[in-house]
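Numbering (this note's numbering), first residue to last: 3 to 67. Where is the CB? At the ideal position from N, CA and C, for every residue including glycine.
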Amino acid sequence: MYGAAPASRSRLEVRGLVLVELVMMVLSGVLLGFVAGLFAFKVKSRWCPRCGTYTHTMPPAAGIR
3 MYGAAPASRS
13 RLEVRGLVLV
23 ELVMMVLSGV
33 LLGFVAGLFA
43 FKVKSRWCPR
53 CGTYTHTMPP
63 AAGIR
């Protein structure tokens with residue numbers, strides 16, 4: 003299965019298969035990193051879980067004085 007390439011395959015076919023395997027490994031690593039980043043991401047709580055008001059003072063909106 004993993005030995006030398008069969009004589010029936012050309013060098014171009016073997017190079018293409020190696021390229022496909024390399025792309026799949028890189029994409030798998032990128033996907034794994036993305037999923038790990040999603041699990042590691044923490045959003046600060048902006049609202050009180052009991053009453054629903056802001057936990058931090060919000061700056062006034064533009065145009066309101």
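Quiz item: From residue 16 to residue 33, what distance separates their C-alpha atoms?
Solution: 26 Å
Practice problem: Just confirm the distance between the C-beta atoms of residue 50 and residue 59, as a whole number of angstroms; I'd bet it's less than 8 Å. | Solution: That belief does not hold up - the Cβ atoms of residue 50 and residue 59 are roughly 13 Å apart, past 8 Å.
Quiz prompt | Beta carbon proximity, residue 19 to chain C, threshold 7 Å | solution = Protein chain content of the structure displayed is limited to a single chain, and chain C is not contained in it.
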